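One structure is given below, encoded as structure tokens.
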Amino acid sequence: AARTKDVEDATTRHEPERVRRAATVETLQKTVDAERAAVEELRKAVLEAGGDDVKEADARAAAAQKAFEAAKTAFDDLVRRAKAARKALAKATAAKAKAEADLGALLLGATSDAALDDVDAAVAELAAACAATNQTLVAVDYTVPSACGPNAELYARHGVAFVMGTTGGDAAALAATVERSPRCRAVIAPNMARGIVALQAAVENAARDFPGAFRGYELAVVESHQSTKRDTSGTAKAVVASLVALVDDRAGADDAADAVAAIRRVRDAETQLDGAGGELQAVPEANLAGHAYHTYSLTAPDGSVRFELRHNVNGRRIYAEGTADAVLFLARRINDAAASDGKRVYNMIDVLKSGELY
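Numbering (the working numbering), first residue to last: -9 to 348.
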């Protein structure tokens, strides 16, 4: 009975604490339930919102995939067309090379009317091959005086631009041939070397600005070239014409012609190696096959004053560089409307003045 009484008393004493704890547990349970409900609501909300985003993302991904497939198809088509274009270019290039080879062979052997007809056909084929490969056809002519006129007529017939470096031809007739062809352009010059052309222009300017400045002086000219050069240097002829005006402001065409006829032309190796008895600088043996040594002298009547103008060129590189300048000069005027000035006949002075040097 006493123990029972003690248990009852203890129970009575702890009942408020039990009730409080039970209330606390119930409160905590409610809080947890509320939190769970809130989390669930949040989860549902996220899922609903996320669903829209996923749908939009899926739509964008599908559109991107479609665009990618279209781009890939276009790229594959471009690759196919590029391959076809490369094949066509290779074929056209081969045709161009064959046309060039055929034309070269024909030009070397064209002596009959039938052969000349073949040359015309080959030029037309070459021009068409260049057009097919989007290239500009420019002929470079270093032949002989007797051939440059007919060659110019050939180029003009087919509207082919050309650089004429052959000396000894009729420059006026060449220019007239070009002018008669509405599609032809040409650079015609007796010398393609930039420096020599600039020097020649300087002498021409001096003759124009100071005629008779060397009145009474004796003019002597010696020029030396490789033995295969048949004619007198065109540069020497042009420079002499200007020097004659410096010596005599009343000089006419006959005086210039006499001075040109008096030019001493050296072609034998022994004289070249010797320097023409001191009139020229001695030519190195290695350059006998390709050189251009000119000496222009003006001597006072009493011999007390002597002026000399010299240029010594070994090899042909300087002419090749000038020729390349002339070719590119013509090509630009053919292909660039802004660069076209309406002219069809040019010389190396025009090329130099353009500043388009490479």
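Cβ coordinates follow ideal geometry from the N, Cα and C atoms, glycine included. In this text the structure is predicted, and so the values were computed from the model without any measurement.
Considering Cα atoms alone, identify which of the options is closest to residue i.
| i | options | result |
| --- | --- | --- |
| residue 225 | 259, 156 and 174 | 156 |
| residue 211 | 201, 229, 217 and 166 | 229 |
| residue 188 | 70, 345 and 18 | 345 |
| residue 256 | 52, 268 and 72 | 268 |
| residue 170 | 192, 146, 154 and 74 | 146 |
| residue 173 | 79, 126, 206 and 59 | 126 |
| residue 254 | 274, 296, 209 and 166 | 209 |
| residue 118 | 140, 79 and 73 | 79 |
| residue 203 | 19, 288 and 56 | 288 |
| residue 200 | 217, 213, 232 and 176 | 232 |
Bridge partners of residue i, per DSSP?
| i | result |
| --- | --- |
| residue 214 | 256 and 283 |
| residue 289 | 208 and 296 |
| residue 153 | 130 and 177 |
| residue 15 | None, per the DSSP bridge assignment. |
| residue 336 | 177 |
| residue 304 | 281 |
Kindly list the residues whose CB is nearer than 8 angstroms to the CB of residue i, restricted to its own chain and excluding five residues on each side of it in sequence; keep chain order.
| i | result |
| --- | --- |
| residue 184 | 308, 311, 312, 315, 338, 342 and 347 |
| residue 84 | none |
When the Cα atoms are used, what is the spatial distance from residue i to residue j?
| i | j | result |
| --- | --- | --- |
| residue 322 | residue 334 | 13 angstroms |
| residue 198 | residue 283 | 25 angstroms |
| residue 195 | residue 261 | 33 angstroms |
| residue 278 | residue 238 | 35 angstroms |
| residue 138 | residue 111 | 19 angstroms |
| residue 178 | residue 276 | 30 angstroms |
| residue 14 | residue 35 | 31 angstroms |
| residue 250 | residue 129 | 30 angstroms |
| residue 236 | residue 219 | 29 angstroms |
| residue 193 | residue 285 | 14 angstroms |
| residue 328 | residue 340 | 16 angstroms |
| residue 21 | residue 30 | 14 angstroms |
| residue 306 | residue 120 | 28 angstroms |
| residue 81 | residue 331 | 35 angstroms |
| residue 124 | residue 325 | 10 angstroms |
| residue 154 | residue 259 | 28 angstroms |
| residue 26 | residue 11 | 22 angstroms |
Please go through the same chain and pick out, in chain order, the residues whose beta-carbon is closer than 7 angstroms to the beta-carbon of residue i, but skip the five residues on each side of it.
| i | result |
| --- | --- |
| residue 113 | 93, 144, 148 and 150 |
| residue 241 | 234 and 235 |
| residue 318 | 346 and 348 |
| residue 52 | none |
Keeping to the same chain, check which residues put their C-beta closer than 6 angstroms to that of residue i; ignore five residues upstream and five downstream.
| i | result |
| --- | --- |
| residue 215 | 282 |
| residue 206 | 291 |
Exercise. Per the contact definition of three or more C-beta pairs closer than 8 angstroms, is the stretch 216 to 234 in contact with the stretch 148 to 166?
Worked result: Verdict: yes, contact present.
Exercise. Should the stretch 129 to 143 be regarded as contacting the stretch 289 to 302, the criterion being three or more beta carbon pairs within less than 8 angstroms?
Worked result: Using a Cβ-Cβ distance cut-off of 8 angstroms, the stretch 129 to 143 and the stretch 289 to 302 are not in contact, since fewer than three pairs of beta carbons, one from each stretch, lie closer than that value.
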